[in-house]
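Colleague:
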Amino acid sequence: MHYDYQSIEKKWRAQWEKDNLYKVEIDESKPKFYVLDMFPYPSGAGLHVGHPLGYIASDIYSRFKRLKGFNVLHPMGFDAFGLPAEEYAIASGVHPADSTSKNIERYKEQLNNIGFCFDWSREVQTCDPKYYKWTQWIFTLLFDHYYDTASQKAAPISKLVAHFEAHGLKDVTAYHYCEQPFTADQWNGFSTSEKEDILTDFRLAFRKVGYVNWCEALGTVLANDQIKDGLSERGGHPVERKAMTQWYLRITAYAERLLKGLDDLDWSSSLKTIQRNWIGKSEGASVFFDIDGHEDTIEIYTTRPDTIYGATFMVLAPEHPYVSQITTDEQKSAVEDYKNYANSRSERERMSEVKEVSGAFTGAYALNPFSGTKIPIWISEYVLMDYGTGAIMAVPSDDERDHAFATKFDLPIIDVIDKSAYPDAGREDKVGVMINSELINGLEVKKAIKVISQHIEDKGIGQVKVNYKMRDANFSRQRYWGEPFPIVYKDDIPQSLPLEALAVELPFTDDFKPASGGQSPLSRLTDWVNQDNGQRETDTMPAVAGSSWYFLRYMDPQNDDAFASEKALKYWDAVDLYVGGSEHAVAHLLYARFWHKFLFDLGYVFSEEPFKKLINQGMIQGVIEYLALKKGENESNHFYSLDAIEGDASDYAFIPTHIDFVSQYGSDQSHLNPSGIQSFLQWRPEYKDATFYSKAGGFKADALPDDFQLLTKSEVGKMSKRYYNVVNPDDVVADYGADTFRLYEMFLGPIEQSKPWDTQGIEGVSKFIRKFWGLFFDGDDFKISEDEATKDELKVLHQAIKKVSADIEKFSFNTAISAMMIAVNELRKLNCNKRAVLEELVKLIAPFAPFMAEELWQYLEHTQSVHMASYPVHNESYLVSDEVEYPICINGKKRALQSYPATLSKEELEAEAMKLEDLAKWTEGKKIVKVIVVPKRMINIVVK
RNA sequence: GCCGAAGUGGCGGAAUUGGUAGACGCGCUGGACUCAAACUCCAGUGAGGGUUUCCUCGUGUGGGUUCGAGUCCCACCUUCGGUACCA
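Position 864 (the first sequence) corresponds to 863 in numbering that gives the first Met the number 0; numbering is contiguous.
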């Protein structure tokens, strides 16, 4: 019988929806399993074939776990706030709420088309006030807490205030940035505003003036990961540094826990490394240097205190607060000029430039605390205000940048380490013996670091210190389409709103353009801004806000009294398997871990880490097909086949063409044939008069020879609207069916790997599906035998069960599919149509091809869904063979193949092998040194 | 530059973790069916040589360990991803 995937899939999609087949509830009688996908941003372009890769993998795993008896939570939702909808609104006038909900509908349709087992009753949309009410609430918690370093967890600000009232800053155990000590009396005398200024240095959500990545064209601040090569990732606009008051989250308080927590996570080592590098822990010392003729001292941070005798100058960041105080009159103009220069330079200029050393001398001198030498203080942009203390001791002998700086400005260099024992060591390697360093001469570097650090602490000029590269997270965006802050300013003092006042709903507007002076569009809505109790914050939260806790909401999505009930949070606990792209390696995964730890500290969640196991699916890329258009006078007129290009490739412009027109797409032979050229011209009529050149010469479009080929340039790249290479899963599903599509994406290779989309092989899995189907039919009749299965049939079946189960557990879906293909091929050879075998096989394939499996299950006269059945378990006894085929090797090279009864012992096998006549020619005249027998594997005879 | 991952047929990729390299699929070649084509089915398919049942080479390159290496060790090359003045 013909396998009619279209009617089968349509039928079951409707039936499953009607039955609420995938709805899950808390069920204490079953073990739970939480499978999560990174929820998508619903863009206007819709899903392309790359998006479902991870979803298919997690879907198979979810279905497998359910069949294995787990209560599986497998939800889906939408990361619905974000820049693209707003950009689209500015360009088209369509309100982001409208375009977003339309896009979400489209996404859901596409997802359902593929047959995912999402429990849609648990859907979450981050732009829904019912959802972001809780995003705002968590923010208020962050605002109202600080990090207590004694208990190593978050604690309420009220506790801190009580401490201040009784003891001032003294003995406070908190992670904070407050530098001015104060007593209890002073605190109690402070104004509300002064108190708030101090509390700001403690709150986990706080405001500060920061240097931010300002994008004028987009009218907003961007995160580092939204910038590529100094340009905004979206739109490619220039980005500059600008000082603004912004909201920040004090994620740095959690740096150590975020770092330590990685150790126990089942994530790929590369992902963990990325996070470790991002956190960037370093151990060193902070040291105070006296300034010649000034009261103040400059604090520096170094990981190489051992080289302190080699510190021949100091460098401050241009923004360092001391710069103006210490600069001498003679140097004032030079320093001012340099500060202006550094400030004016955009990120792009800094990054695109070849490293060129620049700086200015302040005219001031510091005193090296150990050698006592007067050393000049410079400023340079290579020292960053945001890292360490914004000041360094420069050791040109042992630091590349300091060396380059010293060379350029002719500053002294003193060698302090004898590295003659390590000829391969570089300038910054921590090896060698100290010289020219009075207190530590003769010590090895590692020992010297310890000894000098002790001296530093003993002298009271500094202390051993741990530093992190990670910065506090900028949490403000000057945009419309995001969560409003639950903050009201009263006399400029920010106050968090109580839960009863939440959600602070995003007010309606149809004017999305940024307001002047870096203000969000919300600042124009004065009725909304001005409240009885003060003025609202007009910035909105960044996209990471909503995605930092969405996985908790799925556990109890309708709850209006809590972000999720304690019962749900305790039952579902944490995500057991998280599948998503590595592009979220830093921002999302780090912030989500941070929020989760914070909620854990407060007792709202019951696990310290949110994502126990994480798999990064690779990207499915597109192939971009370019046409070579000759540059020059008749710009729009001359297309060249790739093999007819004359001269330099830079004389040609390569314009992307729609991949639908290209024959042998993605190969070396990709080309436009005459009908492809006609399609191209219909699409781009401006080229209708063009001439097309191949090696055979130039032709007008209406005079192309039949065999004309215009070779195109194929390049693997992003699948994107702008390259006209987007492949919509709906089309593939329409052509081959969802089951084939699912199987094919999995069959392409390991899910972690990236690969270009290529439909070449899809026929293979399509054929497999039809063969599978065919096992159940004789002509048009469903025909199944109730006879007992033979030994051979059972062996084939149980081999498949064993392999497929093991492969799913290790996410090796491509090999699981091969195993099923092998089983089907073998059963066809055996003409097997026995229920005892085929019924098990249907369950085996159900997670991969849910529609076909369900249809066959119904043919097999079951009334309950196959997706609620239980997964087959293999029986080892069917797998044992009576005979084992042994390769017989001479010196490790296979020379013969021989079957022996499986029961033979090592000694018997050796004796049997020695009798083989085939081996005579290899052993003749040689001495047999030894024989290695590995039972069930191989026999190797070593001769000399 | 630094960190991470990976290099296997014409292609996507297997290889029980040190034990028959190339499973499975695509593509290609030949054959059957057909008036013909598609579908389907059968056989072959790493390279080179002997052409029958055989031999040599072969997992990025060069070395090493081992009875035996795609797998382990050392050095190098290439590709992809991350990161970038982090003191």
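We put the beta carbon where it would ideally sit given N, CA and C, even for glycine. Because the structure is a prediction, the values reported are computed rather than measured.
What are the start and end residues of the alpha helix (DSSP H) that includes R206?
Modeller: That residue, R206, is in no alpha helix (DSSP H); its beta strand (DSSP E) goes 204–214.
Colleague: Could you tell me the alpha carbon to alpha carbon distance between G431 and D305, rounded to whole angstroms?
Modeller: G431 and D305: Cα-Cα distance of roughly 11 Å.
Colleague: Check whether the region 359–378 touches the region 293–312, counting contact only when three or more Cβ pairs, one atom from each stretch, lie closer than 8 Å.
Modeller: Yes, the region 359–378 touches the region 293–312.
Colleague: How would you write the range of the alpha helix (DSSP H) that A303 sits in, first residue to last?
Modeller: It should be pointed out that residue 303 corresponds to Arg in this sequence rather than to Ala. Run containing R303: none; DSSP gives neither H nor E here.
Colleague: Give me the Cβ distance between F707 and P673, rounded to the nearest whole Å; I'm assuming they're in contact under 8 Å.
Modeller: The pair is a contact, with the Cβ atoms about 5 Å apart (cut-off 8 Å).
Colleague: So, with DSSP's three-state summary, where would you put G696?
Modeller: DSSP places G696 in strand when its eight states are reduced to three.
Colleague: Nearest to M37 by CA position, among D336, A56, V841, is which residue?
Modeller: Checking every option, the nearest Cα to that of M37 belongs to A56.
Colleague: Can you grab the Cα-Cα spacing for the pair F507 / E178, in whole Å?
Modeller: C-alpha separation (whole angstroms): 43 Å.
Colleague: What separation, rounded to the nearest whole angstrom, lies between the Cα atoms of A316 and V394?
Modeller: Using only the alpha carbons, I get a separation of about 16 Å.
Colleague: Apply the 10 Å Cβ neighbour rule to V286 and answer buried if 16 or more other Cβ atoms are within range, or exposed otherwise.
Modeller: It counts as buried.
Colleague: Is the region 72–86 touching the region 546–555, taking contact as three or more C-beta pairs under 8 Å?
Modeller: With a cut-off of 8 Å, the region 546–555 and the region 72–86 count as touching, because enough Cβ pairs lie within range.
Colleague: Can you find the residues in the same chain that come closer than 7 Å, C-beta to C-beta, to Y467, ignoring five residues on each side of it along the sequence?
Modeller: If we look at Y467 and ignore the five residues flanking it on each side, its Cβ neighbours are T251, A254, I278, G279, K280.
Colleague: Using a 10 Å radius around the Cβ and a threshold of 16 neighbouring Cβ atoms, would you call R827 buried or exposed?
Modeller: Exposed is the call here.
Colleague: Would you mind reading off the limits of the alpha helix (DSSP H) that contains P900?
Modeller: P900 -> not in any alpha helix (DSSP H); beta strand (DSSP E) instead, spanning 892–900.
Colleague: Compute the Euclidean distance between the alpha carbons of T244 and Q477, then round it to the nearest angstrom.
Modeller: Between T244 and Q477, the C-alpha separation is close to 11 Å.
Colleague: What did DSSP end up calling R12 once you bin it into helix, strand or coil?
Modeller: It is helical.
Colleague: Drop a sphere of 10 angstroms on the beta-carbon of D491, count the other beta-carbons inside from all chains shown, and report buried for 16 or more, exposed for fewer.
Modeller: Per the 10 Å Cβ criterion, exposed.
Colleague: In angstroms with no decimal places, state the Cα-to-Cα distance between A165 and L601.
Modeller: Distance between the alpha carbons of A165 and L601: 25 Å.
Colleague: Taking 8 Å as the threshold (C-beta atoms), are T739 and V764 in contact?
Modeller: In this structure, T739 lies closer than 8 Å to V764 by Cβ.
Colleague: Alpha carbon to alpha carbon, what distance is there between K782 and M618?
Modeller: Taking the straight line joining both Cα atoms gives about 42 Å.
Colleague: Residue range of the beta strand (DSSP E) that T656 falls in?
Modeller: Looking at the DSSP string, the run of the beta strand (DSSP E) that includes T656 is 651–656.
Colleague: Between the alpha carbons of D688 and Q677, how many angstroms are there, rounded?
Modeller: Near 12 Å, if we compare the C-alpha coordinates of Q677 and D688.
Colleague: Go ahead and label L35 buried or exposed: buried means 16 or more other beta carbons lie within 10 angstroms of its beta carbon, across all protein chains shown.
Modeller: Burial call: buried.
Colleague: Relative to the C-alpha of M540, which candidate in A815, Y131, L110, S811 has its C-alpha closest?
Modeller: Checked all of A815, Y131, L110, S811; the closest Cα to M540 is Y131.
Colleague: Looking at V314: is its Cβ nearer than 8 Å to the Cβ of I378?
Modeller: In this structure, I378 lies closer than 8 Å to V314 by Cβ.
Colleague: In this structure, how does DSSP classify M75 when only helix, strand and coil are distinguished?
Modeller: DSSP places M75 in coil when its eight states are reduced to three.
Colleague: Compare the Cα-Cα distances from N70 to each of P30, G461, Y488, V795 and report the closest residue.
Modeller: N70 has its Cα closest to that of P30, out of P30, G461, Y488, V795.
Colleague: So what does P755 bridge to, in DSSP terms?
Modeller: Answer is Q620.
Colleague: Tell me which same chain residues have a C-beta within less than 8 Å of the C-beta of S192, skipping the five on either side of it?
Modeller: Excluding residues within five positions, the ones whose Cβ falls inside 8 Å are D490, D491, I492.
Colleague: Please confirm if the region 577–596 is in contact with the region 521–533, defined as three or more CB-CB distances below 8 Å between the two stretches.
Modeller: These segments do not touch.
Colleague: Could you round the C-beta distance between Y692 and I623 to whole angstroms and report it? I think they count as a contact, below 8 Å.
Modeller: That belief does not hold up - the Cβ atoms of Y692 and I623 are roughly 21 Å apart, past 8 Å.
Colleague: Taking its Cβ as the centre, do 16 or more other Cβ atoms sit within 10 Å of V208, making it buried, or is it exposed?
Modeller: V208 comes out exposed.
Colleague: Cα-Cα, which of D559, L613, Y21 is closest to S120?
Modeller: Out of D559, L613, Y21, Y21 has the C-alpha closest to the C-alpha of S120.
Colleague: Can you find the residues in the same chain that come closer than 6 Å, C-beta to C-beta, to E785, ignoring five residues on each side of it along the sequence?
Modeller: Within the same chain, E785 has close Cβ partners R834.
Colleague: From the DSSP output, which residues share a beta bridge with P317?
Modeller: Beta-bridge pairing links P317 to no other residue.
Colleague: Unbroken alpha helix (DSSP H) runs of length 4 or more, entirely within the region 451–536: which are they?
Modeller: If we require 4 residues or more, the alpha helix (DSSP H) runs fully inside the region 451–536 come out as 525–528.
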